[in-house]
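There are 2 protein chains.
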Amino acid sequence: MKLHGYFRSAAAYRVRIALNLKGLPTDHLPHHLRKGEQCAPAYLAINPQGLVPTLEGDDGAVLTQSLAIIEWLDETHPDPPLLPKDPLRRAKVRAFAMALACDTHPVQNLRVLTRLRQLGVGEDKVTEWAAWANREGLSACEELVAHEAGPFCFGDKPSLADLCLVPQLGNARRFGVDVSAYPRLLKAETAAREMKAFLDAAPDRQPDAE
Amino acid sequence: MKLHGYFRSAAAYRVRIALNLKGLPTDHLPHHLRKGEQCAPAYLAINPQGLVPTLEGDDGAVLTQSLAIIEWLDETHPDPPLLPKDPLRRAKVRAFAMALACDTHPVQNLRVLTRLRQLGVGEDKVTEWAAWANREGLSACEELVAHEAGPFCFGDKPSLADLCLVPQLGNARRFGVDVSAYPRLLKAETAAREMKAFLDAAPDRQPDAE
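In order, the protein sequences belong to chains A and C.
In terms of this note's numbering, the first sequence opens at residue 1 and continues consecutively.
In terms of this note's numbering, the second sequence opens at residue 1001 and continues consecutively.
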């Protein structure tokens, strides 16, 4: 398989973790977002949103949107599972993942921060905006797993929730958020950091890392 | 079941359509977002994000995040299905839905527009921001279904994609977007508007409509 990504993209990072957990060898095709490479016509032809990641399957299938890609990976390569079997537990895991993937990450990604700068918003206010989005999302997620024993977000194995959490915590730190306010989330991150699948997916281990 | 929502919330609107398609009777509990009712402690106790919708099941289960709720409804009440059976087709439907639910709607919702106003951004620029987010998302979605015969987004029955599209087109019009640029999406909307499940879920048919 081929994954179109960018070392710093939290959405691509989620898919890298999933591919590593599933043990699927992947060619990584970086697109430098800050140089606008995701807007090249050849890339827009496979991903009209001009966002990363895009996964190309061995049979030529083209998949976009990180959570849709991960659900597909989980359906076609079920071991190890990234969602629980029980419908209500699945809904809890998905809701946690979407609190980050819908309401947090897209509000603080490069596309939105660039638009803020175009409106004349100063750099300190842009960073504060990104920090705000991260705090809002992580605070809610801390509540969502407050009564979960762990050590991962939901149980003793990583799930879609952890795949979204670990990259988001990286973003939060980058924008200056004091993540010590989220001890339960940090407990899950600590468990994840003991796994090679998570470590190998980290931004600083990617070939395009700067 | 009980659905905590708001007549104008596109995310609650998606779930209303799903509940109607599944034929599930539901009590609707409105929370006036512009008056901040979603931030009342009693509501935050069940939805720490302070967003709508939240679904309370008959057994007391509490579900948040519209797409997680709809996936749960589809798993527990599979008829009629809201996702195809084939994994790749499921991924295509989910990717379309997430292009709207992750990258479009959260960038133009009340929370973000309020934050823009707090930064001193003028009302015309706030509306232009919301229109931009809608144009970006809908343009990509038009491409994603360009080769789908329809009449719905993916096939001859409504799917999760249509549940996200119809509310988003309503938002786009509200922000002054010329939706005639998306003929394939309008074809799907026209098909949806022939179904009572979609019509009854519309904002202007809700008890809290203004």
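Just so it is clear, CB atoms sit at the ideal spot from N, CA and C, and this is done for glycine as well.
Since the model is a prediction, treat every value here as computed from it, not as a measurement.
- The alpha helix (DSSP H) spanning lysine 1196 (chain C) covers which residue range? 1196 to 1201
- Could you give the distance in angstroms between the alpha-carbon of aspartate 1204 (chain C) and the alpha-carbon of alanine 201 (chain A)? 47 Å
- Identify which residue in A:Ala181, A:Ile69, A:Leu199 has its Cα closest to the Cα of proline 53 (chain A). A:Ile69
- leucine 100 (chain A) and glutamine 49 (chain A) closer than 8 Å at C-beta: It is not a contact, given that the beta carbons lie outside the stated cut-off.
- Distance CB(asparagine 1020 (chain C))-CB(alanine 1197 (chain C)) smaller than 8 Å: yes
- Message: Suppose the cutoff is 7 Å on Cβ atoms and the five residues either side in sequence are ignored; what does the same chain contact list for tyrosine 1013 (chain C) look like?
- Response: Pro1167, Ala1201, Pro1203
- Count the other CB atoms, across all protein chains shown, that sit within 10 Å of the CB of cysteine 1039 (chain C); report buried if there are 16 or more and exposed otherwise. Burial call: exposed.
- Task: Rank A:Arg16, A:Asn109, A:Ser180, A:Asp124 by C-alpha distance to the C-alpha of serine 139 (chain A) and give the top, closest one.
- Result: A:Ser180
- What residue range is occupied by the uninterrupted beta strand (DSSP E) comprising lysine 1002 (chain C)? 1002 to 1005
- Since I believe tryptophan 129 (chain A) is in contact with leucine 119 (chain A) (beta carbons under 8 Å), could you give me their beta-carbon distance rounded to a whole number of angstroms? Incorrect: roughly 11 Å between the Cβ atoms, too far for contact.
- Any idea what DSSP makes of leucine 83 (chain A), helix, strand or coil? If DSSP states are grouped into helix, strand and coil, leucine 83 (chain A) belongs with coil.
- Query: chain C partners of arginine 90 (chain A), CB-CB under 9 Å?
  - Reply: Ala1068, Glu1071, Trp1072, Glu1075
- Would you kindly check if the distance between the Cβ of aspartate 86 (chain A) and the Cβ of glycine 137 (chain A) is under 8 Å? Taking 8 Å as the cut-off, the beta carbon of glycine 137 (chain A) is found no closer than this to the beta carbon of aspartate 86 (chain A).
- Query: Mapping DSSP to helix, strand and coil, what is proline 1030 (chain C)?
  - Reply: strand
- So which residues of chain C does aspartate 124 (chain A) contact, with C-beta pairs closer than 9 Å? In chain order: nothing, as chain C lies at least about 11 Å away.
- Consider the Cβ of alanine 1140 (chain C): report whether some Cβ of chain A lies at a distance smaller than 8 Å. yes
- Message: Using a Cβ-Cβ cutoff of less than 6 Å, which residues in the same chain neighbour lysine 2 (chain A) once the five nearest sequence positions on both sides are dropped?
- Response: Asp27, Leu29, Glu56
- Using a C-beta to C-beta distance shorter than 7 Å, which residues of chain A count as neighbours of alanine 1098 (chain C)? As written in the sequence, residue 1098 (chain C) is methionine, which differs from the alanine given in the question. Under the 7 Å cutoff, chain A gives Gln65, Leu67, Ala68.
- Task: Could you tell me whether the Cβ of glutamate 143 (chain A) comes closer than 8 Å to any Cβ of chain C?
- Result: Chain C contact via Cβ: present.
- Query: Excluding sequence positions up to five away, which residues of its chain have a Cβ less than 8 Å from the Cβ of glutamate 148 (chain A)?
  - Reply: Phe154, Gly155, Arg184
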